[in-house]
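Residues 103 to 438 in this note's numbering are what the sequence shown lists, from first letter to last.
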Amino acid sequence: MAHQFYFNPYILDNLPAPVKGFDVVQDVSEPRLRMYVTSRGVKTFFVRKRVRGKDKRILIGNYPQMDIEDARSAVPTILDDAMKQPPIRRKRILFKQFLDMYMENKVRRNEDSYVKLVRAVNRHLVNLFDKKIAEISSDDIKNLIQNINGNAIAARMQEFLQSVFNYAIEMGYVKSNPVVGLKKVQQNRRIRPLNRAGFRRLVVAIDRVVDPVLRSAFFMLIYGFAPRSKIFSMAWEDLDFNHDMWNSRPLSDRAIVLLQDLPQDGQWVFPGRGGVHLIDPRTAWRRVAKDAGIPNLTMDDVYKFLMRQVVWASDREDYRANLNSLLDEVLAEEVY
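Below, the structure written as structure tokens:
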């Protein structure tokens, strides 16, 4: 529940920032007016409204650039506008044209994830590209989903299409979502076995690995916040220790300490056999996972475990601080 008080400059100027995430406060004078306070001290006025069955949060402006009274006055107009039905545009648009608009305005992913999504879209949704988006029916979507091999990708494409058509409704290109009402594709999702206690056991097990290259590579899976394919193909030329960066990725303090202790006598940080980088040491990893008491643990489970918990920040130094804080937290009982 939001903290409630009368918004005035003295109080808002002295609001403490939370340690991480954000806090929400509410104005007593205009109870519909609220404010986000982020860990970086940014204060943003907003309102909440349930619009067509969905809880919608509408940003008004940042304080102190926007005056408190101006924010209060803007609330009724913003809420009235939110309840208006979007106009149906007379100009028809092809699904591919609208999809490009959606990808540009709504998709926020890292480079690798974005490339994977584009590849999946071009492979599985191509039959819709030349159709006008307003003419696509539930049967069209149903037939397309049924022809996708693999329940996992079929389910993801169904969820993706539902999001695309929701945006089309918001933009006024269609009146209803043809994906809503279709039976969801059933998939057997793998339960990732890692928790914080297991994570600390994993660190101890990795520390027992005899081979120095494998031991360092496995530790980098923890400290590097990247998939195993990226970690194992890490090259020295991609590292910038002056700015604590690996290409465009900020590095945690633990990763920097680990990397600076390694011999820089070749192209690859983790060299494998035959002059190439380390590829897939699955046998050694199975021994580590078994030693940690998590025999079905994969290397990418480590990456997924960490990325579900790290707090994203657009500022490089803030994000690096979040990486360090998370590692300090999950390894609080680490045994050296």
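From the three backbone atoms N, C-alpha and C, an ideal C-beta is built for every residue, glycine too.
Keep in mind the model is a prediction, meaning the values are calculated, not measured.
Report back the beta-carbon spacing between residue i and residue j to the nearest angstrom; my notes put them in contact at under 8 Å.
i, j, result
"D242", "L230", "7 Å"
"I63", "K151", "Since the displayed the chain opens at 103 and closes at 438, residue 63 lies outside it and no answer follows."
"M401", "L323", "6 Å"
"N279", "Q264", "6 Å"
"V287", "A257", "4 Å"
"V126", "Y138", "6 Å"
"D393", "P295", "No, D393 and P295 are not in contact; Cβ-Cβ is about 15 Å, not under 8 Å."
"I195", "F109", "Contact flag wrong, Cβ pair sits at about 43 Å."
Anyone know if the C-beta pair for residue i and residue j falls short of 9 Å?
i, j, result
"Q366", "W338", "yes"
"R422", "S335", "no"
"V306", "F321", "no"
"G143", "A173", "no"
"V315", "L380", "yes"
"D309", "R317", "yes"
"V149", "V130", "no"
"V413", "L428", "yes"
Out of the options, state which residue places its alpha-carbon closest to the alpha-carbon of residue i.
i, options, result
"V276", "F267, A391, K151 and H226", "F267"
"G123", "D430, L429, Y108 and D420", "D420"
"Q128", "V228, V121, F107 and L428", "F107"
"A299", "I396, L284, R310 and P280", "I396"
"M168", "S239, W370, S215 and D115", "D115"
"G274", "V311, A236 and V282", "A236"
"P329", "N164, T179 and D214", "D214"
"R389", "S427, V311, R418 and Q369", "V311"
"P111", "I238, K244, V209 and K145", "K145"
"I180", "L425, F147, S239 and V217", "F147"
"D417", "I358, R356, N398 and R351", "R351"
- Message: Quick test of the definition: if touching needs 3 or more C-beta pairs under 8 Å, does the segment 125-142 touch the segment 401-408?
- Response: Too few Cβ pairs lie closer than 8 Å, so no.
- Message: Quick test of the definition: if touching needs 3 or more C-beta pairs under 8 Å, does the segment 384-403 touch the segment 367-375?
- Response: Because the criterion of three Cβ pairs below 8 Å is not met, the segment 384-403 and the segment 367-375 do not touch.
- Query: Could you give the uninterrupted runs of the alpha helix (DSSP H) lying entirely in the segment 353-391, keeping only those of 4 residues or more?
  - Reply: Complete alpha helix (DSSP H) runs here, min 4: 355-362.
- Runs of alpha helix (DSSP H) wholly within the segment 134-190 (minimum 4 residues, chain order): Within the segment 134-190, the complete alpha helix (DSSP H) runs of at least 4 residues are 170-185.
- Query: Hey, which unbroken runs of the beta strand (DSSP E) at 3 residues or more fall wholly within the segment 240-267?
  - Reply: The beta strand (DSSP E) runs of length 3 or more contained entirely in the segment 240-267 do not exist; there are none.
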